[in-house]
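Engineer: Here it is, the structure in full.
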Amino acid sequence: MARHVLAAAGLMLGTLAACSPGQSGTARAQASAPTSVAAPAARHPVSGLEVIDLVVERGGQKLAFKVELAASPEAQARGLMFRTALGDNEGMLFPSPAPEPRSFWMKNTPLSLDIIFIGPDGRIANIAADTVPYSLDSVRSSGLTSAVLELRAGRAKALGIVPGDRVSYDLPR
Numbered sequence: 010m011a012r013h014v015l016a017a018a019g020l021m022l023g024t025l026a027a028c029s030p031g032q033s034g035t036a037r038a039q040a041s042a043p044t045s046v047a048a049p050a051a052r053h054p055v056s057g058l059e060v061i062d063l064v065v066e067r068g069g070q071k072l073a074f075k076v077e078l079a080a081s082p083e084a085q086a087r088g089l090m091f092r093t094a095l096g097d098n099e100g101m102l103f104p105s106p107a108p109e110p111r112s113f114w115m116k117n118t119p120l121s122l123d124i125i126f127i128g129p130d131g132r133i134a135n136i137a138a139d140t141v142p143y144s145l146d147s148v149r150s151s152g153l154t155s156a157v158l159e160l161r162a163g164r165a166k167a168l169g170i171v172p173g174d175r176v177s178y179d180l181p182r
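Under our numbering, the sequence shown is numbered contiguously, ending at residue 182.
Pasting the structure below:
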């Protein structure tokens, strides 16, 4: 029985890894190999999404966050819907496969958010602060974005995060 559970876990790991952008077939095969001893990725207890480190560089200061990675189309469509809590240094990152204009709404989202649009150069292009919960109004980027970061409303202002600040993170392979 334990062998079947381990085999199923290995298959699931391979399937999840296959959804990650930029991973080669060799890396996927290595991730699902039974001899692999790589530590499992940290997962968020509510969403089940992988949690990664993200840093906003503000002047000489580095602001660290743990963010849920909404990498799949399904995770991006769900986002933070139905969530009632988000910690001070938590958020959700929505990477784009290629730079593109992005648009978000607050449907089924009870939390007010700061929606931070990150340009292809890794700098914040614009911030939609204090979005209205449950609103169907579109919140748009001011240009092309490589990713979007959502934080609890008011965090950007409280931390002094502004357009032009640099955002850095590593997407899993």
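Beta carbons: idealized from backbone N, C-alpha and C, even for Gly.
1. Determine the burial state of D97: buried for a count of at least 16 other Cβ atoms within 10 Å of its Cβ, exposed for fewer.
2. Just how far apart, CA to CA, sit Q32 and P104?
3. Alpha carbons only, please: which of Y143, A51 and L63 is nearest the one belonging to L158?
4. Can you list, in chain order, the residues of its chain with a C-beta nearer than 6 Å to that of G34? Leave out the 5 residues immediately preceding and following it.
5. Can you name, in chain order, every residue of its own chain whose Cβ lies under 8 Å from the Cβ of D174, other than the five neighbours on each side?
6. For my contact list, G154 and E109 are in at a C-beta cut-off of 8 Å; report their separation, rounded to the angstrom.
7. With distances taken Cα to Cα, identify the nearest neighbour of A51 among K75, A165 and G69.
8. Buried or exposed for V60, going by 16 or more other Cβ atoms inside 10 Å?
9. Give the C-beta separation of L58 and L89 to the nearest angstrom, bearing in mind that I take them to be a contact with Cβ-Cβ under 8 Å.
Structural biologist: Reading off the structure:
1. Sequence index remark: in the sequence shown, residue 97 carries index 88 (1-based). Flag for D97 reads exposed.
2. Locating residue 32 in the sequence shown gives position 23, where the first residue counts as 1. Locating residue 104 in the sequence shown gives position 95, where the first residue counts as 1. Annotation note: pLDDT 30 at Q32 (below 50); position unreliable, coordinate value reported separately. One Cα belongs to Q32, the other to P104, and the distance between them is close to 15 Å.
3. Residue 158 sits at position 149 when you count from the first residue of the sequence shown. Of the listed residues, the one whose Cα sits closest to L158 is L63.
4. On the sequence shown, position 25 is the one that residue 34 refers to. Only weak support is given to the placement of G34: the predicted model assigns it a pLDDT of 32, under 50, and the question is left unresolved by the model.
5. As a first step, residue 174 must be located in the sequence shown, where it is residue number 165. Shown here for D174: same chain residues with a beta carbon closer than 8 Å to its own, the five before and five after excluded, namely V65, E66, R67, R132 and I133 in chain order.
6. The residue labelled residue 154 in the question sits at position 145 within the sequence shown. The residue labelled residue 109 in the question sits at position 100 within the sequence shown. According to the sequence displayed, residue 154 carries Thr and not Gly. At roughly 7 Å, the Cβ-Cβ gap stays under 8 Å, so T154 and E109 are in contact.
7. By one-based count along the sequence shown, residue 51 stands at place 42. Here the closest residue by C-alpha is K75.
8. One-based indexing of the sequence shown puts residue 60 at position 51. Result: buried.
9. Residue 58 sits at position 49 when you count from the first residue of the sequence shown. Residue 89 sits at position 80 when you count from the first residue of the sequence shown. By a beta-carbon distance limit of 8 Å, L58 does not contact L89. Their separation comes to about 11 Å.
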